[in-house]
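Going by our numbering, the final residue of the sequence shown carries number 1502, and the count climbs one at a time with no gaps. A virtual CB, placed ideally from N, CA and C, is assigned to each residue, including glycine. Notes for the one structure printed next.
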Amino acid sequence: MKFSAFLKTKGAVGAIFMGIFYGLVMLAIFLPGYKAMPGNIDKLPIAIVNDDKGDYGNQISKQLNKSLPFEHIKKDISNAKANNQLEHNKLNLVIHIPQDFSSDLKSEKATPGLDFKVNDASPTMISQSMDSIGSEINSQLSKQFSNQTTEGVLQQAKIPDEQMDGLIKQINASYSGDITHMNKMPSSMNFKMLPMFLTLAGYVGAMIGAMQLVSAFKENRNKASKTKLFIYVQLTALIIGLASSVISLGIAYLVNDLEADKFLSIFGQLVLNYWVSFNFTAIVVFLIGQAGMILNIPILLIQTIANGATMSRDMMPTVYNWMSHISPMYYSVQGHFANI
1163 MKFSAFLKTK GAVGAIFMGI FYGLVMLAIF LPGYKAMPGN IDKLPIAIVN
1213 DDKGDYGNQI SKQLNKSLPF EHIKKDISNA KANNQLEHNK LNLVIHIPQD
1263 FSSDLKSEKA TPGLDFKVND ASPTMISQSM DSIGSEINSQ LSKQFSNQTT
1313 EGVLQQAKIP DEQMDGLIKQ INASYSGDIT HMNKMPSSMN FKMLPMFLTL
1363 AGYVGAMIGA MQLVSAFKEN RNKASKTKLF IYVQLTALII GLASSVISLG
1413 IAYLVNDLEA DKFLSIFGQL VLNYWVSFNF TAIVVFLIGQ AGMILNIPIL
1463 LIQTIANGAT MSRDMMPTVY NWMSHISPMY YSVQGHFANI
């Protein structure tokens, strides 16, 4: 056999096609998808809650509303409601101006400051960006209030040495903001990306399993009814889901310091995710046969961006945002974030 003849065989043609197809599809999906980071960060919703009864709170609120690079800033919202929405990832940052902010600033007996809240159970880039924004605001306000205090001090004439230390402390303590993290997670990337890895492992396994089990379904149609074979396919998928979930979760517990009481809830979610992903991918294979893998691969690649592990739904380009609403991976990742 000549090499040219070998290249024309079914296996060689299929390998050449898949090599070109996969590279083309992956780049065509990943590059436009990740282009949204960090450019679309201004689309993230945040909240500024002003509980201050004095004038300074209004001034700070207006100043932040004008200077922050966000399109969606909620202002008419209570602190409790804002924190609840933050916990459910409907908000990405809550800036709270306490009710005694102005009085503390005027009395100089207490150190005034804003409260910033960030939800760590969210994409790493977002939680880190919100933390950086909070630190930058704190730095700017600290400088602003320190300058105001310094101006007041300099207006005093001939300051005695014994008063100097007290005045320096007063200047340094003129503002102190506080950044707190809700659902705090370890900073290691293997922990931060665990929701995506657990989901992706289950989905890819389910996709390959769907191809094999649908093939077995079609091979045995002359041996049993379609209804019975379909039930067998579903039972087999469930058994695989149980077995693979135990193994996946076992590895996750060995590598990551997960809480023991979370085992059953995470395990149940893994099994459910496998079964849903299996049927989601099997539909295409049932309809168009083994060629369904060609369609399932782009759907998988789109979901690796649209699953919400690397960017929030608010940041996603239109196609990926739409996919996140019907994607098994998106809801699985969000569930793991809530669980873990």
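At the level of alpha carbons, what is the spacing between residue i and residue j?
{"i": "residue 1180", "j": "residue 1474", "result": "31 Å"}
{"i": "residue 1404", "j": "residue 1167", "result": "45 Å"}
{"i": "residue 1458", "j": "residue 1303", "result": "51 Å"}
{"i": "residue 1461", "j": "residue 1222", "result": "46 Å"}
{"i": "residue 1467", "j": "residue 1200", "result": "14 Å"}
{"i": "residue 1285", "j": "residue 1347", "result": "11 Å"}
{"i": "residue 1300", "j": "residue 1339", "result": "6 Å"}
{"i": "residue 1465", "j": "residue 1394", "result": "28 Å"}
{"i": "residue 1237", "j": "residue 1269", "result": "27 Å"}
{"i": "residue 1194", "j": "residue 1386", "result": "47 Å"}
{"i": "residue 1288", "j": "residue 1224", "result": "24 Å"}
{"i": "residue 1305", "j": "residue 1456", "result": "57 Å"}
{"i": "residue 1396", "j": "residue 1482", "result": "29 Å"}
Run the CB neighbour count on residue i, radius 10 Å, all protein chains shown included, and call it buried at 16 or more, exposed below.
{"i": "residue 1440", "result": "buried"}
{"i": "residue 1134", "result": "The displayed coordinates of the chain run from 1163 to 1502. Any statement about residue 1134 would go beyond what the structure contains."}
{"i": "residue 1196", "result": "exposed"}
{"i": "residue 1471", "result": "buried"}
{"i": "residue 1433", "result": "buried"}
{"i": "residue 1361", "result": "buried"}
{"i": "residue 1260", "result": "buried"}
{"i": "residue 1480", "result": "exposed"}
{"i": "residue 1442", "result": "buried"}
{"i": "residue 1377", "result": "exposed"}
{"i": "residue 1379", "result": "buried"}
{"i": "residue 1419", "result": "exposed"}
{"i": "residue 1444", "result": "buried"}
{"i": "residue 1354", "result": "buried"}
{"i": "residue 1250", "result": "exposed"}
{"i": "residue 1498", "result": "buried"}
{"i": "residue 1226", "result": "buried"}
{"i": "residue 1454", "result": "buried"}
Just to confirm, are residue i and residue j a CB contact at a threshold of 8 Å?
{"i": "residue 1296", "j": "residue 1263", "result": "no"}
{"i": "residue 1452", "j": "residue 1373", "result": "yes"}
{"i": "residue 1205", "j": "residue 1485", "result": "no"}
{"i": "residue 1278", "j": "residue 1255", "result": "yes"}
{"i": "residue 1389", "j": "residue 1375", "result": "no"}
{"i": "residue 1431", "j": "residue 1501", "result": "yes"}
{"i": "residue 1258", "j": "residue 1276", "result": "yes"}
{"i": "residue 1414", "j": "residue 1356", "result": "yes"}
{"i": "residue 1490", "j": "residue 1438", "result": "yes"}
{"i": "residue 1469", "j": "residue 1436", "result": "no"}
{"i": "residue 1402", "j": "residue 1371", "result": "yes"}
{"i": "residue 1274", "j": "residue 1282", "result": "no"}
{"i": "residue 1191", "j": "residue 1463", "result": "yes"}
{"i": "residue 1210", "j": "residue 1235", "result": "yes"}
{"i": "residue 1446", "j": "residue 1343", "result": "no"}
{"i": "residue 1213", "j": "residue 1241", "result": "yes"}
{"i": "residue 1407", "j": "residue 1429", "result": "yes"}
{"i": "residue 1253", "j": "residue 1207", "result": "yes"}
{"i": "residue 1391", "j": "residue 1382", "result": "yes"}
{"i": "residue 1292", "j": "residue 1495", "result": "no"}
Between which two residues does the alpha helix (DSSP H) carrying residue i extend?
{"i": "residue 1380", "result": "1356 to 1381"}
{"i": "residue 1392", "result": "1388 to 1417"}
{"i": "residue 1222", "result": "1217 to 1229"}
With respect to the beta strand (DSSP E) encompassing residue i, which residues constitute its N-terminal and C-terminal limits?
{"i": "residue 1188", "result": "Per DSSP, residue 1188 belongs to no beta strand (DSSP E); it is in the alpha helix (DSSP H), 1172 to 1196."}
{"i": "residue 1259", "result": "1256 to 1259"}
{"i": "residue 1242", "result": "From DSSP, residue 1242 is part of no beta strand (DSSP E) but of the alpha helix (DSSP H) over 1241 to 1249."}
{"i": "residue 1232", "result": "Segment: none, residue 1232 is in no beta strand (DSSP E) and carries neither H nor E."}
{"i": "residue 1167", "result": "First-last for residue 1167: 1165 to 1169, but that is the alpha helix (DSSP H), not the beta strand (DSSP E)."}
Inset, instruction - Return the chain-ordered ranges of every alpha helix (DSSP H) run that is complete within the region 1451 to 1499 and spans a minimum of 4 residues. - result: 1454 to 1468, 1480 to 1488
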